[in-house]
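Undergrad: Residue numbers (the numbering used here): 1056 to 1250. Positions of the beta carbon are idealized from the N, C-alpha and C atoms, including for glycine. This is the structure I want to talk about, given as structure tokens.
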Amino acid sequence: MKRLPPEYYLHPDVVFLARDLLGKALMTNIDGKGVTGGIIVETEAYAGETDRASHAYGGRRTRRTETIYQKGGVAYIYLCYGMHHLFNVVTNIEGIPHAILIRGIKPIIGQELMAHRTGKRPEKLQTLNGPGKLTKALGITTRQDKTFLYDNNIWIEETSLQSNEKQIISGPRIGVDYAGEHAQWPYRFSLLLTG
DNA sequence: CGGCCGATCCACT
DNA sequence: GTGGATCGGCCGA
């Protein structure tokens, strides 16, 4: 399928993109070791400087958060709880730190390799729900931070799923209680897949 | 330089 | 429902 072009990620509305990414396919071929991928079924939008849940809240710029300020179309990957590598899609133009956390995928290719990476049986990989789990299965680590999402390590593809057949539900984001009332914003999106 | 803690997950009870 | 694993980033001194 066709890869999302670099311009796709420049859209100014990160919430729109968080919804739009549902049903597209997140693919990896880390160091050419094998293609793995799945349909994106859960996302969360992080709306930058005005969003208390965002790492870039208040315009904070550090070595880690610098990635989010890059031009849309790169990966923002960071280590969480000392053991989980969380994958985000950076969006918007350079200087506006918007990002979308990928929280769940439905595996469609490379199940053998993903099973090997996660230590699970292939048939147990019906869905990879959890941002730390899916990166492990896809072979994504902080080594791919700042990776351009239009090369041969990590990319996102169109699928045959049409936007008018997407059933989407929204709700508050997970694990961001520190963000106060911003944690209640309905910036989490899930795709309901029938069959 | 020391200490705290997180956009989590899994094994237990 | 609870707690342990595990470590880089961040902040305050």
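1) Residue 1041: which of 1228, 1221, 1212 sits nearest, CA to CA?
2) Alpha carbon to alpha carbon, how far is residue 1202 from residue 1071? Give it in angstroms, no decimals.
3) Tell me which residues share the same chain as residue 1243 and place their Cβ nearer than 7 Å to its Cβ, disregarding the 5 neighbours each side in the sequence.
4) Are there three or more Cβ pairs, one per stretch, closer than 8 Å when the stretch 1175-1184 is compared with the stretch 1141-1155?
5) Rounding to the nearest angstrom, what Cα-Cα distance links residue 1139 and residue 1132 in this structure?
6) Could you check whether the stretch 1090-1109 touches the stretch 1144-1153, counting it as contact only if at least three pairs of C-beta atoms, one from each stretch, sit closer than 8 Å?
7) Beta strand (DSSP E) containing residue 1244: first to last residue?
8) Does the distance from the CB of residue 1104 to the CB of residue 1114 come in under 9 Å?
TA: Inspection of the coordinates gives the following:
1) With the chain represented from 1056 up to 1250, any question about residue 1041 goes unanswered, as that position is not in the structure.
2) In the first sequence, the residue the question calls residue 1071 occupies position 16. In the first sequence, the residue the question calls residue 1202 occupies position 147. In a straight line, the C-alpha of residue 1071 is about 22 Å away from that of residue 1202.
3) Reading the first sequence from its first residue, position 188 is the one you call residue 1243. The answer, listed in chain order, is 1099, 1225, 1226, 1227, 1228, 1229.
4) no
5) For the purposes of this step, residue 1139 is identified with residue 84 of the first sequence, where counting begins at 1. For the purposes of this step, residue 1132 is identified with residue 77 of the first sequence, where counting begins at 1. Spanning the two alpha carbons is a distance of roughly 10 Å.
6) yes
7) Here residue 1244 refers to the residue found at position 189 when the first sequence is read from its first residue. Note, residue 1244: beta strand (DSSP E), 1243-1247.
8) The residue given as residue 1104 occupies position 49 in the first sequence. The residue given as residue 1114 occupies position 59 in the first sequence. A contact, by the Cβ cut-off of 9 Å.
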